[in-house]
Amino acid sequence: MSQAHTRYAGISPAPHAVHVLWALALLIGIVAGAAAGGFSAGFAAKRIQAPVADFIVVGGMLGALLLGIAIFYLGFIRRCN
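In case it helps, my numbering puts the sequence shown at residues 136 to 216.
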């Protein structure tokens, strides 16, 4: 098997350590965003006396989405290109 074939392996560009670190940061950021969004939405739901579980789920999804998109943009699109 040639060096070019083993180096490519279907991924373009070839992943480096910085890609792995940004992927780890993305995973941690998504979990942290979900936790922060869930807590803040839960407190807001208690304040307005709305269904807390529904607000926690939606807040967690929005927090994970927003922080995940932000870290993905900074790490993979701006820095790794």
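Think of the CB as a built atom: it goes at the ideal place given N, C-alpha and C, for glycine as much as any other residue.
Asked	Found
Measuring CB atoms only, is the segment 171–187 touching the segment 153–161, in the sense that at least three cross pairs come out at less than 8 Å?	no
Applying the criterion that 16 or more other CB atoms from any shown protein chain within 10 Å of the CB defines a buried residue, is Ala-176 buried or exposed?	buried
Check Ala-199 in the structure and name its three-state DSSP category.	helix
Using the Cα positions of Ala-167 and Trp-157, report the straight-line distance between them to the nearest angstrom.	15 Å
Thinking Gly-172 and Gly-203 are a contact (beta carbons under 8 Å), I'd like their distance in whole angstroms, please.	No, Gly-172 and Gly-203 are not in contact; Cβ-Cβ is about 11 Å, not under 8 Å.
What is the residue span of the alpha helix (DSSP H) that Ala-185 lies within?	Taken as a continuous stretch (DSSP letters only), Ala-185 belongs to no alpha helix (DSSP H), as it is neither H nor E.
Does Ala-188 pass the burial test, meaning 16 or more other C-beta atoms within 10 Å, or should it be called exposed?	exposed
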